[in-house]
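Inspection log for the structure reproduced underneath, given as structure tokens.
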Amino acid sequence: MTFAHPAVLLLLAVPVLLLVWEWRRRGTVLAMPFDHSGAKRGRWLESTVKLMNLAAPLLLAVAIVLLAGPQRPLSQGNQRVLSNIEFVLDVSGSMTATFGDGRRSDKAVEALQEFVGHREGDAFGVTLFGTEVLHWVPLTQDLSALKHSAPFMKPEAMPSYMGGTRIGLALRSVYRILANRPEGDRMIVLISDGMSADLRGQGDKIAADLRGADIVLYYIHVASGQPQQEVYDIAARTGGEAFIAGDPGALQTVFERIDSMRPAKFEPEAPIPADNFRPFALAGLSLLGLQLLSLLGIRFTPW
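If you count the sequence shown from 1, you need to add 59 to reach our numbering.
As structure tokens, this is what we get:
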């Protein structure tokens, strides 16, 4: 039990003093003819009348408690733990190769949009890379940002210096972004079809950096053949995995598997204070009714 204005409770000293005074006071002594008749004093009746007289100070105490604003903690249920997911998409020239009934780059964008639709509440970002790195969509929970930027994530829309494949540069750049996120899980989904020369001799350092920042890497190789060993090792050491997707159906399956491997997490939300007037209001109404009934006869003779 908490109160919105706890300082008001200091006024409870007033009804407490009134309760003590009401119980102990004798009132005005008036001599009556039957005082010496030997009749019993009637202690039970006296106590009953005194108890009825305590209703007024108790009503004052209830009013003070209501003014203090009684509150109780109200649970809000569970909230989703934020996951920061950065898509790192290869936009080199080889990503224009035929992939099912489309191209590798187009099918990759379609699959990641489908994946995002099942992860509402998480934060997503997109980094495009080739020879250089372009942070295309900053981490955001606004899914429309990803939807509206998707048509421009095409290799032919990139400048000529993006034609290579530098996975190491992309991972180091994304690491700096995710490591600065103040809360939530951190995950990288890397989509590429090529080999990266800048990973040679750098795999251990990149893996250590990612693991130190609790960043998990999932690599999707959208081509035939085995993924590059360095990328495979980095993914495994960060708690992720490397997948081969030789066709659009396999690519979709890989995204579904990643979703199942990293399910949404929930934690109880911090309770918020809510008004708790009801029990005190009922107590006040009961005391008021008792006070009114006592006025019909359970009271000291006014003279």
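Using N, Cα and C, we set each Cβ at its ideal position, and we do this for glycine too. Just so we're clear, the structure is a prediction, and the values are computed from it rather than from any experiment.
Next on the checklist: Once DSSP output is grouped into helix, strand and coil, what is the label at His-280?
Outcome noted: strand
Next on the checklist: Once the 5 residues before and after Met-221 are set aside, which same chain residues still bring their CB inside 8 Å of it?
Outcome noted: Val-150, Ser-151, Leu-187, Phe-188, Gly-189, Thr-190, Glu-191, Leu-193 and Pro-214
Item to check | Start and end residues, beta strand (DSSP E) containing Gly-271 | outcome: Run containing Gly-271: none in the beta strand (DSSP E); it sits in the alpha helix (DSSP H), 262-271.
Next on the checklist: Taking its Cβ as the centre, do 16 or more other Cβ atoms sit within 10 Å of Asn-239, making it buried, or is it exposed?
Outcome noted: exposed
Checklist entry - In three-state DSSP terms, what is Val-140? => result strand
Checklist entry - Taking Cβ positions, are Val-175 and Val-248 nearer each other than 8 Å? => result no
Checklist entry - Rounded to the nearest angstrom, how far is the Cβ of Met-154 from that of Asp-257, given a contact under 8 Å? => result With 8 Å as the limit, Met-154 and Asp-257 do not qualify as a contact, their Cβ atoms being about 18 Å apart.
Item to check | DSSP three-state assignment for Thr-312, whether helix, strand or coil | outcome: helix
Item to check | Any alpha helix (DSSP H) of 4 or more consecutive residues that is wholly inside the region 189-214 | outcome: 202-208
Item to check | Close Cβ partners of Val-185 (< 6 Å) along its chain, the five nearest in sequence each way excluded | outcome: Phe-146, Trp-195 and Val-196
Item to check | Backbone CA spacing between Gln-200 and Pro-218 [nearest angstrom] | outcome: 28 Å
Checklist entry - So, helix, strand or coil for Thr-107, using DSSP? => result helix
Item to check | Gly-298 (DSSP reduced to helix, strand or coil) | outcome: coil
Checklist entry - What does DSSP give as the partner residues of Arg-102 in its beta bridges? => result Its beta-bridge partners do not exist; DSSP assigns none.
Checklist entry - With burial defined as no fewer than 16 other Cβ atoms inside 10 Å of the residue's Cβ, what is the status of Thr-297: buried or exposed? => result buried
Checklist entry - Assuming Ile-144 and Met-246 make a contact with CB atoms under 8 Å, what is their CB distance in whole Å? => result 5 Å
Item to check | beta strand (DSSP E) segment containing Gln-31, residue limits | outcome: With the chain running from 60 to 362 in the structure shown, residue 31 is simply not present.
Checklist entry - Under a three-way DSSP split, which group does Val-150 fall into? => result coil
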